[in-house]
Amino acid sequence: GAKERGKGDYFAYVPGMTTRIVAHAELGAQLREAIDAGQLFIEYQPIVRLCDGHIVGTEALVRWRHPERGIVPPAEFIPAAEQTGLVVPLGRWVLREACAQQSRWRQTLGAAAPGSVGVNVAGRQLTEPDFVATVGAALADTGLDPRHLIIEVTETAVVDAAATAALQALRDMRIRIALDDFGTAASSLGLLLTCPVTALKLDRTFVDRITTVNRQEAVAMAVVRMAQALELDAVAEGIETEEQAVLLRNLGYRFGQGYLYGRPLAPDDLATRVAPALSSVGRRTG
Ligand code: C2E
Ligand code: MG
Ligand code: MG
Ligand code: MG
């Protein structure tokens, strides 16, 4: 939508750039170096309890600080990364970084620390034979309790039995699984029978005009009823107004995420949000 941080804006002033296709091919080629050169970074968006706005967790969202193009949002390079397979090393980096951050927050912020960090995982990663071991190593190396990690997968990422088996192995480790962008793909309901998910994240396309479009409200209601019946957490994505929040809360959503509660933030800024007093200790000032 128009409110989204402008897709394509980042390419508008690159000399000689004629098509988005060229941009994607170039980005794909540069991504390998980007990982090694430390150009990727993560912002953390608050996930709140809708009854009182308390921050219960965060979602880790990757960005690319491109030397010429500035900050590139994930929508501009994750698709290319999935096609080339680079999403595997990229995702491994995000996972370790997010686990390390969450582990540090648990240590420095104590009771005020967010309860979980959500990490987005692409289908391509899920079906890697060593994916589950990679997650286990990330937890062990960062000292993070598996109950503080949520793996976010989309309906389209859970393509086969291998993907489902990987998710089950993560559940057996007590990691939580959220079904992201819920409702936007074709196969949603069957997945609820086969996949060991613990939460549904209602896609923001069902939230953006929920206060005026009856069908959005009807779908949002159906999803939260289903989540309740299945004893899953329900998280509403893309909440931008108080009116949306009130409506979703009344429908039964306990958790939400969106600009109303906070944009994706640098780690220090997130810490300041959850623990203003504590986080100033040892904070970088330069
Ligand atoms: P997602 O996992 O559904 O993440 C939520 C997206 O919605 C984020 O966009 C977030 O900034 C945006 N958002 C949150 N609240 C609002 C709101 O109130 N209004 C609007 N308009 N947008 C809101 P972002 O950071 O650009 O990420 C886009 C997508 O890129 C993510 O969607 C996810 O699918 C993917 N992505 C991000 N990081 C990673 C990653 O590390 N690995 C993989 N595989 N995919 C990632
Ligand atoms: Mg997500
Ligand atoms: Mg989502
Ligand atoms: Mg999304």
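Numbering of the sequence shown is given in the working numbering, commencing with residue 4 and proceeding in unit increments. Beta carbons: idealized from backbone N, C-alpha and C, even for Gly. These numbers were taken from a predicted model, which means no experiment stands behind them.
Can you tell me which of the three DSSP states residue i falls into?
i: residue 73; result: strand
i: residue 134; result: helix
i: residue 162; result: coil
i: residue 81; result: helix
i: residue 61; result: strand
i: residue 182; result: strand
i: residue 203; result: strand
i: residue 52; result: strand
i: residue 124; result: coil
i: residue 212; result: coil
i: residue 270; result: helix
Rounded to whole angstroms, what's the CA-CA distance from residue i to residue j? Just pull it up for me.
i: residue 291; j: residue 111; result: With the chain running from 4 to 289 in the structure shown, residue 291 is simply not present.
i: residue 118; j: residue 147; result: 11 Å
i: residue 107; j: residue 168; result: 30 Å
i: residue 78; j: residue 98; result: 18 Å
i: residue 243; j: residue 274; result: 22 Å
i: residue 158; j: residue 180; result: 12 Å
i: residue 195; j: residue 280; result: 42 Å
i: residue 176; j: residue 149; result: 7 Å
i: residue 85; j: residue 156; result: 14 Å
i: residue 277; j: residue 170; result: 30 Å
i: residue 67; j: residue 38; result: 9 Å
i: residue 83; j: residue 125; result: 12 Å
i: residue 153; j: residue 101; result: 11 Å
i: residue 135; j: residue 56; result: 33 Å
i: residue 239; j: residue 48; result: 13 Å
i: residue 13; j: residue 271; result: Note on residue 13: pLDDT 47, under 50, position unreliable in the model; the coordinate value appears next. Roughly 25 Å between the two C-alpha positions.
i: residue 69; j: residue 137; result: 27 Å
i: residue 247; j: residue 128; result: 34 Å
i: residue 132; j: residue 75; result: 30 Å
i: residue 145; j: residue 35; result: 24 Å
i: residue 114; j: residue 59; result: 11 Å
Ligand 3 and residue i: does any heavy atom of the ligand fall closer than 7 Å to the residue's C-beta?
i: residue 240; result: yes
i: residue 236; result: no
i: residue 175; result: no
i: residue 183; result: yes
i: residue 206; result: yes
Closer than 7 Å to a non-hydrogen atom of ligand 1 - does that hold for the CB of residue i?
i: residue 73; result: no
i: residue 262; result: yes
i: residue 89; result: no
i: residue 48; result: yes
i: residue 155; result: yes
i: residue 269; result: no
i: residue 158; result: no
i: residue 125; result: yes
i: residue 94; result: yes
i: residue 100; result: no
i: residue 131; result: no
i: residue 65; result: yes
Please determine, among the options, the residue with the shortest C-alpha to C-alpha distance to residue i.
i: residue 42; options: 56, 48 and 72; result: 72
i: residue 215; options: 233, 38 and 251; result: 251
i: residue 182; options: 171, 174 and 201; result: 201
i: residue 254; options: 235, 137, 222 and 101; result: 222
i: residue 262; options: 45, 151, 51 and 36; result: 51
i: residue 31; options: 44, 45, 61 and 81; result: 81
i: residue 121; options: 140, 166 and 63; result: 63
With a threshold of 7 Å, establish whether the CB of residue i neighbours any heavy atom of ligand 2.
i: residue 121; result: yes
i: residue 62; result: yes
Any heavy atom of ligand 5 inside 7 Å of the beta-carbon of residue i?
i: residue 78; result: Of the ligands one can find in the structure shown, namely ligand 1, ligand 2, ligand 3 and ligand 4, none is ligand 5.
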